[in-house]
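Written below as structure tokens is the structure these notes are about.
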Amino acid sequence: MVDNFKFIVSALGGAFVTGVFGLLLQKLRNDGSNESVYADHYIENVDKINALVDERSELKSKNSQLESELKKVKDDLNTQKKVTDQLTTQIGELKRKIDKEVI
């Protein structure tokens, strides 16, 4: 009976030690393989980042251009409002003159 007990304890102990070392080995393999995945895609990622930076620069340039066009349109609109106000005033004066002549 004692021999069976020793056999079972040593088998379980051996299985436990083997399991622990197996887990450590698997962890080391995973760490190494993850780094290789990132290293394999490093150039692609750098290219994507560069493309995004270029696109951002283009969009900033377009935004600046659109802002300047918007300012020009606003200035033109203000000029047109002034002309409209002047024309409205002139029409009012003409109506008054015509009303004075008719009366």
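Everything in the sequence shown is counted per our numbering, starting at 4 for the first residue and increasing by one. Just so you know, even glycine gets a beta-carbon here, dropped at the ideal spot from N, CA and C. Here the structure is a predicted model, which means the values were calculated and not measured.
Rounding to the nearest angstrom, what Cα-Cα distance links residue i and residue j in this structure?
i, j, result
"ASN53", "PHE24", "43 Å"
"GLN89", "GLU72", "26 Å"
"ASN66", "ASP79", "20 Å"
"LYS9", "GLY16", "10 Å"
"LYS6", "SER13", "Note on residue identity: the sequence assigns Asp, not Lys, to residue 6. Roughly 11 Å between the two C-alpha positions."
"LEU31", "SER60", "42 Å"
"GLN83", "LYS74", "14 Å"
"LEU27", "VAL56", "41 Å"
"THR92", "ASN81", "17 Å"
"LYS85", "LYS63", "33 Å"
"GLN29", "THR21", "12 Å"
"ILE46", "PHE19", "43 Å"
Considering only residues of the same chain and omitting the five flanking positions on each side of residue i, which have a CB-CB separation below 6 Å?
i, result
"ILE94", "none"
"ASP50", "none"
"ARG99", "none"
"THR87", "none"
Considering only residues of the same chain and omitting the five flanking positions on each side of residue i, which have a CB-CB separation below 7 Å?
i, result
"LEU97", "none"
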